[in-house]
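Single-structure report; data block below.
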Amino acid sequence: DAGVIQSPRHEVTEMGQEVTLRCKPISGHNSLFWYRQTMMRGLELLIYFNNNVPIDDSGMPEDRFSAKMPNASFSTLKIQPSEPRDSAVYFCASRRDGGRSPLHFGNGTRLTVT
Amino acid sequence: DAKTTQPPSMDCAEGRAANLPCNHSTISGNEYVYWYRQIHSQGPQYIIHGLKNNETNEMASLIITEDRKSSTLILPHATLRDTAVYYCIVRVASGGSYIPTFGRGTSLIVHP
Chain A
1 DAGVIQSPRH EVTEMGQEVT LRCKPISGHN SLFWYRQTMM RGLELLIYFN
51 NNVPIDDSGM PEDRFSAKMP NASFSTLKIQ PSEPRDSAVY FCASRRDGGR
101 SPLHFGNGTR LTVT
Chain B
115 DAKTTQPPSM DCAEGRAANL PCNHSTISGN EYVYWYRQIH SQGPQYIIHG
165 LKNNETNEMA SLIITEDRKS STLILPHATL RDTAVYYCIV RVASGGSYIP
215 TFGRGTSLIV HP
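Heads up: the sequence lines are chains A and B, in that order. The first sequence begins at 1 in this note's numbering and counts up by one. The second sequence begins at 115 in this note's numbering and counts up by one.
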């Protein structure tokens, strides 16, 4: 079990640039979650997919953020254009279906927007 | 959905038991209690969950009070590597599934 894999581990970009974060969930898991963590707001859910379909995107802060899951083994979170206030650690998590199964998190992408 | 209350910080001596409390007084009958922890620079890690019976695994024990309004996570012999933020969560339902919502948790420091 390779765990949830996120890339890149660190990303530094300038304001206005497009940023794409990537996630490979654990094989066999059919729910995928994107969270954002900052000192001010803690760990916030951005969006949740089930069987590759977005179910709840109410946590996506604004239209600059978008997420896709083209297949069961890959998801992206895109920010376009990026702003300094987007600086945070972004976590991806996956879960086997059956609502009480625990989440398995990746080690996150630390995004710095200057 | 039920909210949880945890002390912001605790400390514990290495080798001793760490007892982390969580209050969830508005929990409903079919809501589970989950515990996760987050070690610095890593993603949160699942520890244990339970409904009303006490649970134990290789990482920890979970004691849930009879009225289910509070619970305690017990690390029986804390080590320095147990220093982390511990999150107590009750399930949030969306579309029939369970989506963990994380509060601020308890920052546990295990000292030599």
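Glycine included, C-beta positions come from ideal geometry on N, C-alpha and C. In this text the structure is predicted, and so the values were computed from the model without any measurement.
- Below the 7 Å Cβ cutoff, chain A contributes L45 as neighbours of T215(B), in chain order.
- By the criterion of a C-beta distance shorter than 6 Å, T38(A) is surrounded in its chain by A88, once the five residues flanking it on both sides are discounted.
- Proximity of chain A to H154(B) at the Cβ level (cut-off 9 Å) is not reached, the minimal Cβ distance being about 11 Å.
- Contact annotation: S185(B) and L194(B) have beta-carbon atoms that are not nearer than 8 Å.
- Residues of chain B with a Cβ closer than 8 Å to the Cβ of H104(A) are, in chain order, Y160.
- Pairing G143(B) with H191(B) gives a Cβ-Cβ distance that is not under 8 Å.
- Taking 8 Å as the cut-off, the Cβ atoms of D86(A) and N30(A) do not count as close.
- By the Cβ test, the region 195-204 of chain B is not in contact with the region 101-109 of chain A, since fewer than three Cβ pairs between them sit closer than 8 Å.
- For G42(A), the enclosing beta strand (DSSP E) has its first and last residue at G42 to N50.
- When DSSP states are grouped into helix, strand and coil, D196(B) belongs to the helix group.
- A direct Cα-to-Cα measurement between V4(A) and Y146(B) gives close to 24 Å.
- The beta-carbon of Y148(B) is placed less than 8 Å from the nearest beta-carbon of chain A.
- Beyond the five residues adjoining it in sequence on each side, T118(B) comes within less than 7 Å, by CB distance, of C136, N137, H138, C202, I203, V204 and G217 in the same chain, given in chain order.
- Counting every other CB atom within 10 Å of its CB across the protein chains shown gives Q120(B) a total of 16 or more, marking it as buried.
- For G164(B), the CB contacts under 6 Å within the same chain, skipping 5 residues up- and downstream, are V147, L176 and I178 in chain order.
- Contact annotation, S82(A) with T13(A): C-beta distance approximately 6 Å; criterion of less than 8 Å satisfied.
- Taking F65(A) as the centre and dropping the five residues before and after it, the same chain places the C-beta of I79 closer than 6 Å to its C-beta, in chain order.
- Closest in C-alpha terms to K68(A), from the list E44(A), L43(A), L32(A) and R36(A), comes L32(A).
- Scanning the region 11-41 of chain A from its first residue to its last, the whole beta strand (DSSP E) runs of 3-plus residues come out as 19-24 and 31-38.
- Any Cβ of chain A closer than 8 Å to the Cβ of G164(B) would place that residue at the interface, and such an atom is absent.
- The beta carbon of F91(A) sits closer than 8 Å to some beta carbon of chain B.
- Per DSSP, D57(A) has no beta-bridge partner at all.
- Of the residues assessed, E11(A) falls on the buried side of the cut-off, its CB having 16 or more other CB atoms within 10 angstroms.
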